[in-house]
Structure formats: structure tokens, C-alpha cells
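First to last, the sequence lines map onto chains A and B. Residues in the first sequence are numbered consecutively from 4, following this note's numbering. Residues in the second sequence are numbered consecutively from 5, following this note's numbering. Yeah, the Cβ is synthetic: ideal placement off N, Cα and C, and Gly gets one too.
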Amino acid sequence: MTVAERVREQTRARYPDEEGYVERDGVRVFWESYGEGKPTVMLLPTWSIVHSRVWKLQIPYLARRCRVVTFDPRGNGKSDRPLEASAYDEHELAADALTVLDATETERAVLVSLSLGAHRALLLAARHPNRVAGAVFICPSVPLALRPGDQFSYDFEEPLGAYHGWAKVNRHYWLVDFRGFLEFFFSQMFTEPHSTKQIEDCVGWGLETTPEVLIATAYAAQVKKDQARALSSQIACPVLVLQGTEDAIEGSARGMALAQATGGRLVLLEGSGHGPHARDPARVNLLIREFVESLS
Amino acid sequence: MIVTEQAREQTRARYPDEEGYVEREGVRIFWERYGEGERTITFLPTWNIIHSRCWKAQVPYLARHFRVVTFDPRGNGKSSRPETGYALEDYHRDALSVLDAAGVQRTVVVGFSDGTYPAITLAALAPELVEGVVLIGAEAESENPEEFWHRRDGSEGWDKFNAVYWLEHYEEFLGWFFAQVSSEPHSTKQIEDSVGWGLDTTPEILVANEREFERRITLLLARVRCPVLAIHGLEDTVVEPEHGISLARELGAPIVLLEGSGHGPQMRDPVKVNGLLQEFVESGPSPEPRVRTWTRAASRCRRALYVSSPIGLGHARRDVAIAKELRKLHPDLQIDWLAQHPVTAVLEAEGERIHPASAELANESGHIESESAEHDLHVFQAWRRMDEILVANFMLFHDVVRDDPYDLWIGDEAWEVDYYLHENPELKSAAYVWLTDFVGWLPMADGGEREAFLTADYNAEMIEHIARFPRVRDQAIFVGNPEDVVSEPFGPELPRIRDWTEQHYDFAGYVTGFEPVADRERLRAELGYSPGEQVCIVTVGGSGVGGQLLRRVIDAYPPAKELVPELRMIVVAGPRIDPATLPEEDGLEVRSYVHDLYRHLAACDLAVVQGGLTTAMELTANGRPFLYFPLRHHFEQNFHVRHRLERYGAGRRMDFDEATPDVIALAIAEEIGREVDYLPVETDGAARAAARIAELL
């Protein structure tokens, strides 16, 4: 396995006004808070393959008006890296979010989630409606529809003869060529031309964790289809789904299904892949801002 | 009295989906309903001098979004014209009856002028019905003076606001009054329309209305709990804006002040007012700021926003020079600068207007410094690693121009503006000029294949941007001449940089930002340099990257002084390097920031500089010998600037890695005071650039 030296973090446009750790069952989770405005926007972590810097193009803009709280998922960034699968149970991630809300004295927040972060957002919005003023889902990875291709469809457990394409989602491959997996995965996340910087950034964040951590996350309990449907129908707060039509990881059917199941608004980003917040930050920032303002 | 035949109503943009009459105590009130939206907006009648057609510019648009209800006031339109029954309470009850008949359970009500009285009574007394109020040209109380009822001697101006005059000169009154209402220039149609609606009723009705209509709602204000938005023209002479402002304050409501607007902005500036109404009904009033101002297009002065790249001080001087030339062509032009340190230091010294949002810009020069090592700046990677800062600064730019309309945006290497406008071309709302002094990212040799791939990819994206959205850059100005552009290709299978640049840019020639020195001896005397001295100025410009070079040259001072006994060396640390961090040498002068450094450079016998374009070109323009040290990995200094200087035959390029203090001392001795033979540098670059920019104003 290649462990690249961690690259020095590039200069931020804005640094947190407050930061700290919360601890649950011995796992420490690192959070940051920016700005003073209202309401509070919580930028949720997605899969532990990246950490809170994935929101770097949103934080400075949103923090000009709102208070922005974000945290590193357990397994990456400045948070701890437990190796038991149970530590990455969706309920644990949702509980981390609540603990961070408490630690930052946030009564209610607008949640913004990306991809797998949708699971946490669903749990929070449905089960803690008093804490959630609204929810933005970006390219949600919710099992309300099928993925369009062979994403995550190969055997994860058994060694394979060759590791082409999505066959790279394999524990043995991860242990041998973690970077190779990251480079493949993020090339699928950013299918727009000229996305070198976005891909490099994500690969760099991926290299801040280990294949062992990601293997643990692969066995963690996620929100299943029936539960996702039930949670979606329970959500009372306003919902906005942003979905790239060229999302090569989740397809676009899942975002559309989530919008329908929650009764939320759907904005299709034509030509966008799985990370429009990073590849089309100006538009996504304006959409989030508009949604947040419509709640007041 | 003249009674004109009622003109045939002009074709409407939209006809009602439902209409009808309600009758109260024998008085019939005509109402209309348009559209099917979930929410309802009700346009109340105003003074019955006009009727519901005064909302004609609002109804079709708002009916696309909402259910719209309008009705004619008692005394005009298709409603009855009773002899009495014009109390505020009558209007209030008419509104309740109409809303009931139209099946409205909840509505936003809009009142204009006298219509603001029933708007308040409804909000205060029927809170279950009214979910929001918009007040246009409103006041809380007003009373006719006693003279109103009696014949006046004169009939000038507001003397016409008189019952006797109305009865005797109704049409003259209407023409005069509606000229006061629509006081904006070029309002003939609004005035004609209003006069026509006035002629749909009679002065007797208006007089009857004045007998009963009591304009006083002050006591009800405290009972208004729903959201309220006030809109008021700052040129309103019928109800002066102070009334609207104090009413809004009492209601705790935000107010939008329309600069240049009269009493009826919904007629004269329907696009703006429709947008405000739509936004209010859709999402309620934005609570902050309490007072917003929008200026009518015709009332705006010409304004430009100049975004000046903060990386290095060079751009500041040339941008100020271009701005000065631009003002010569458009003396009324107001230029605001969105810029940061160290550019702002120059702008402040020049008395330029710095936009307050500049303080919120994320720091670019600090980032560039943090990316640099010893005389080393991988500027392409440093720029890539600035993506977060660039987005943040673009979003700030977008906020600035969204709140504050400019005629023109000028970006001198404002990468964030140029890139994200091409990525979001729908956000372009002004003419836009792009200036640069180099085109094309080029790979450094030791960056290998990856860097060659990346620079080509960035170039390809830029070329695609320009090809797909040529409308984004209204002018692209190259600060220099076609021969200053390198001839290499942008990358494999991409065009040659010079060919492409010639097709897509205008060339202003170089912009030094100063007049060449005519009398160098006099300047030397002025600056305190004596004829016997050999003056050597050492400067690294405005960035903090040059500390290592300064130290190296300071180390070269003792051997250089031995070779050149008349040597006087002055080291300029610049605004971002603390002179206290530099070593001291006997006889060596170290200064911090020097305003008008270019004059010292013009006067010197030798300069020692980095490979930055601006300083090197200043020296070239003044025919001074100089040593320049391109920063390692700085593709712009190593390729673009070097190419240009070689064309001018200017300067002696030094390699920092090989330049020991002794090597530098020797080069100083060889070059100092040498007569040079450079190509002349044009002096009209700023004027030429400004002339192209001025075409857009």
C-alpha cells in the first residue's frame, strides 16, 4: 500500500471562528463553526473517504450570512479512526451530528448533505424534526432507486482476477492499491471535463484515511430501502434535492426518487456529475443560499 | 365641465378568469379575479380618481404566480357612483365583500397612495384574512386644509388641489395632478392613462369622496401583526418619502426606496415593482436591511467596478493609469475598486474609492507567499491551490454586483471573475473587460508529464470557454504587443498561443503607468542622489516572496562596494517584508515601502530585481540597466516575461541558483551605469486601453 505523505493543507479562504471535539463512546469527532449569522447551516459529512474540507467552496460564502457548522466524519480528517464496522453505523453518524449540534449550542439547523451523507440527513430530519429546519440533499446516495450501471456490484469479499472499473471496490484491492481505488472512484465522481483539481483534492483527502477504515465502513449498517422510504415520508421540513444528470456513481434516479418521496423540490443540474458542489460551486452556493433564505 | 367620451379600453395582456359585482346598500362594486395560484394577492383601489386598471402592469405577471383580485372603487370604473358613502369604512367593507365573493380566505393586500388606508384597516381589523401588506407611496395621516373647499385666487401648482377648481377645470386638474404622480421624465403614457381613468368619473364624485374619506390610521398601526413591505419613490412630491419612511418605521417594516421614482412606481417602473411584489408574496419580506434603495436606470450615474489582481504591486499602477485615462473620456464615471493589500495601498495613496466589500476578500497575496520557498514560487500550482479563495472571492464579487448595479466590470487578471463568469455566464449583468499581460499556462521542465498535461488542460478549458461564450468578455485587452506573446502552443493539439491571442485580443501596448523621465539629472537631485554616486536600487516589488533575493544581494554588497567604490545601494523591502528581518551592512540603506518607487528606478544607475514584468518594464522604459532573477518554477517570469524582455533587449537575466554574492557583485560592477540600447516602450498604452474600454460605456 502506498501511503502518501500528507500534503500541507492549502490556504483557506476563511478559518473557523470556533472548533472543538465531541466524544461519544471513546470516539472523538472534530467540528468547526464559522460565522455568526442565522440560521445555522450544518454541512454533514459524507462517506469517510473524504472529510469536511469537501465543503471548502461552500463554507466561506455561506458563512458570510449564516453560521456554518461542519465536522469530520469518524474515520477521516481530525476525527478518530475506529476500525470496528459498528462504529460506522448510520445511527452513530447521526448521533455525532446531534452531539455536534449540542456542542455548538445549535437548536435547529439547515442540513446540507452530499451522497452518503443523505442517510444521516434522513435520520436526523425524520426523527429529530425540532432540530432540522430544512434539508438540502446533493446527489443523494439513497437506495430508493437502482444505480444505472455496475457501481458497487462486484464481489467485495473475494479476491478477483482483475480489478478493472468498479471491480476496484474490493477489500483486497484496497489493501494493495488504495490510491488506485481513490483515483478511479473520484474520476467517476467528477465526470465533467477539466476536473483535475477536484479529483486531486478528493484523492488527497482519501489518503488521509486508510483502507482498513474504509473496509470497516463497508460493513456498517446503512439505511435500507424500506427504511429510506419510511423516513422520507416522515420528513416535515422543506427539502431541496440537487442532482447531477451525469452522476456516474449514483445515477440521477435516486435524487429524483428522494425528491418525490419527501415532497421536496428538485433541481437537476444538467451535465453535472456526483460532486456539483465542487465543480459548479457558484451555482450550488446560490441554490443553497436561496433555499436557506426561503426558510426564514 | 368637459366630459370626454370614454376611450375604448386598450387590449389587455390578460383578461380576468372570473368577474362579478358585490352589492352593499345599493352600491355595486365590480371585481375581477385572475389566475389560480395557491396564494392570493389583492390590489386594493386607491383614490377613486382612478380605478383598477392602474394595476394593469402588475396583474398579468403576478397572475402567472398567484391568484390576483382587483376591484374598482366606489365612484369609478364599473362600480357605482353614489352621491355619498365614501368613508374609509365603506372602502374597508367593500374589500371584505369582494374577498368573500371571490372566495379568498387569505391574501396579501397591496395599497397605493390612498389605498394604503384600507390596506392598514384590513390588516389591523381582519388579521385572519390578511397575511401581508405592501404599501406604495403611503402615509399614515393627512387632512385637507380649510382652503381646499373655497375658491382660490391663483391656480398655480398645488392651488389646483381645490374642490372649486376641480369642479370648474376638471381635465386641467387631472393633467396637472397626474404629471405630479408620474414625475419621471418620459411618462406621457402613464399620465395619459391616468387622466383617461380620471375622466371615467366626475369631479362631483371626487368632491363627495373628500367630504367623507378620513385619512387617519395612526391608531391602528400597533394592531398590524403581519409582514409589511413599504415601497416609496424618493422623488415622490404627492406623498413625500419621509411619510413612507416614518410609517414603515412605526410598523417595523422594511422599506425599498426607489431613487428617481415619483408617486406611482408600479406604473413607471413596473418591472422592479413586480419583482418586489412577487418576492414578497413568495417568501415574505427579507428582514435585513431595513432600508434598501434601488435607483432607476435613468437616474444612475455611470459606474465601473475595477477588480485588480493583488498578486504583486504591478497591476495597481497600470490600473490606476487606465482609470485616469478612462475618466478623461468619461468625466462622470465613478470607479469603485474591489482590491486588497498591497494594491489598496497604492489606491489609497491615489485617493481612489475602495469598495467596502474589499475588506471581506480572502487574502490572495498571503496565500501566494505561503506557497513560496527560497526564491521559488511554483505559481501554477499555487494558483491551483487557491481554488477555494478564488470561489470565495468570486461569490463576494457576485454579491457586490447583485446588490449594486454597475455599468462595467474591469478585471485586470481577475481570474476568479473571468473563470466563474464563463462557468456561470447567466450571472453576467454588466459589460465586462478582461485585461492580462500573459496568455497561457506553461509547464516547467521539472514538472514532467503531469504538469504538461495539467497546464494544457487548463489552457484547453480557457479556449473552450472563450469559444462557447464569446459574449462574456466584451473586450479582452492584452497589455503589450503581439510580439510580446510567446509562440509556443497551448499544449498538444492546441493552437499556438500567439496566433490564438492575436485572434482573441486587442493590444494596448505596454502600460507603464507613468511618463518617462525627461530630465534624469534633475530627478536624481530631487531624490537626493549626487552625480558622483552609482546608485543601485534593489527591490522585489510588492510580494513577500523576495526576502531571499534581498538577503543574497545584501551579501553581495561588500564585494560590490570594493569593485565599485562610488556604489550606493538602497534595498527596498516592500510592504510585505519587515526591514528589521534583513541583515545590516555598513553603508547599506534599507527602506520599507517607497511611494513612487518608479521614480527612484528611473533615476538609478542599476536596479536588481526579480523577474516580475512590471518593474522590469519600468526599467526598460527608462533605459536603465538591471539584473533580474526569475523565481524558480515561476512560469510567467521564466517564459513570458523573459520572452518580452529579450524582445526589448532589456536587462541581464541571472540564475538565482548560480548567483553567489561574488557573481552578483561582478554583475553589478559590469552593468552599473552602462549605456543601454533597448527598444522604446510605448507611452500611450493606458490611453489606448482606456479608449477600448470607453466604447462600452
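- Judged by DSSP secondary structure, GLN184 of chain B falls outside any beta strand (DSSP E) and instead within the alpha helix (DSSP H) spanning 174–185.
- The DSSP assignment places complete alpha helix (DSSP H) segments of no fewer than 4 residues inside the segment 181–254 of chain B at 192–202, 207–216, in order along the chain.
- In the three-state reduction of the DSSP assignment, ARG57 of chain B falls in the helix class, which pools H, G and I.
- Assignment of beta strand (DSSP E) within the segment 92–152 of chain A, counting only whole runs of 3 or more residues, yields 112–117, 135–141 in chain order.
- Cβ neighbours of VAL232 of chain B within its own chain (closer than 6 Å, five residues either side excluded): VAL137, LEU255, ALA257.
- For the segment 427–443 of chain B, residues whose beta-carbon sits nearer than 8 Å to a beta-carbon of chain A comprise GLU427, ASN428, LEU431.
- Rounded to the nearest angstrom, the gap between the Cα atoms of ASN133 of chain A and LEU125 of chain A is 14 Å.
- Short of 7 Å from the beta carbon of GLU87 of chain B, and not among the five residues preceding or following it, lie these beta carbons of its own chain, in chain order: ALA212.
- Apart from sequence neighbours up to five positions away, the residues of its chain that approach MET192 of chain A with a beta-carbon distance below 7 Å are CYS205, ILE252, GLY276, HIS277, GLY278, ordered along the chain.
- Rounded to the nearest whole angstrom, the CA to CA distance from VAL199 of chain B to TYR174 of chain B is 10 Å.
- According to DSSP, GLY415 of chain B shares a beta bridge with B:VAL311, B:TRP438.
- Taking GLY119 of chain B as the centre and dropping the five residues before and after it, the same chain places the C-beta of LEU48, PRO49, THR50 closer than 7 Å to its C-beta, in chain order.
- By the CB criterion at 8 Å, GLY258 of chain A and CYS69 of chain A fall outside the cutoff.
- GLN13 of chain A carries a coil assignment under DSSP once its states are collapsed to helix, strand and coil.
- In this structure, SER117 of chain B and ILE33 of chain B do not form a Cβ contact; the two beta carbons are roughly 19 Å apart against a cut-off of 8 Å.
- Under the DSSP assignment, CYS205 of chain A falls in the alpha helix (DSSP H) whose first and last residues are 199–209.
- Cβ-Cβ distances below 7 Å link LEU47 of chain A to ALA100, LEU114, VAL115, SER116, GLY120, ARG123, ALA124 in the same chain, with the five nearest sequence neighbours on each side left out; the list follows chain order.
- Assignment of VAL71 of chain A by DSSP, reduced to helix, strand and coil, places it in the strand class.
- Within the segment 138–151 of chain A, not one residue has a Cβ closer than 8 Å to any Cβ of chain B.
- Close to LYS59 of chain A, with beta-carbon spacing below 7 Å, are these residues of chain B in chain order: GLU392.
- ASP408 of chain B is not a Cβ neighbour of VAL437 of chain B, given a cutoff of 8 Å.
- DSSP links GLN338 of chain B through a beta bridge to B:ARG307.
- Spanning the alpha carbons of LEU289 of chain A and ASN397 of chain B requires a straight line of approximately 14 Å.
- Our two residues, VAL287 of chain A and SER297 of chain A, have alpha carbons roughly 15 Å apart in a direct line.
- Note that the C-beta distance between ALA128 of chain B and LEU224 of chain B is below 8 Å.
- For the segment 253–277 of chain A, no residue has a beta-carbon sitting nearer than 9 Å to a beta-carbon of chain B.
- The segment 615–632 of chain B makes contact with the segment 652–665 of chain B; the number of CB pairs closer than 8 Å reaches 3 or more.
- Restricting attention to B:GLU329, B:VAL539, B:GLU519, B:GLU23, the CA atom closest to the CA of ARG528 of chain B is found in B:VAL539.
- The three-state reading of DSSP puts ALA88 of chain A in helix, counting H, G and I together.
- Taken atom to atom, the span from the alpha-carbon of VAL568 of chain B to that of ALA673 of chain B is near 6 Å.
- In this structure the segment 86–93 of chain A lies against the segment 216–232 of chain A, because at least three pairs of beta carbons, one per stretch, are closer than 8 Å.
- A Cβ-Cβ contact shorter than 8 Å links VAL324 of chain B with GLU354 of chain B.
- With the criterion set as a beta carbon lying under 8 Å from some beta carbon of chain A, the members of the segment 387–416 of chain B are ARG388, ARG389, MET390, ASP391, GLU392, ILE393, VAL395, ALA396, ASN397, PHE398, MET399, LEU400, HIS402, ASP403, in sequence order.
- When rounded, the separation of the alpha-carbon atoms in TRP180 of chain B and ILE209 of chain B is 19 Å.
- Taking all protein chains shown into account, CYS58 of chain B has 16 or more neighbouring C-beta atoms within 10 Å of its C-beta and is therefore buried.
- Residue contact with chain A for SER287 of chain B: present (Cβ-Cβ distance below 8 Å to some residue of chain A).
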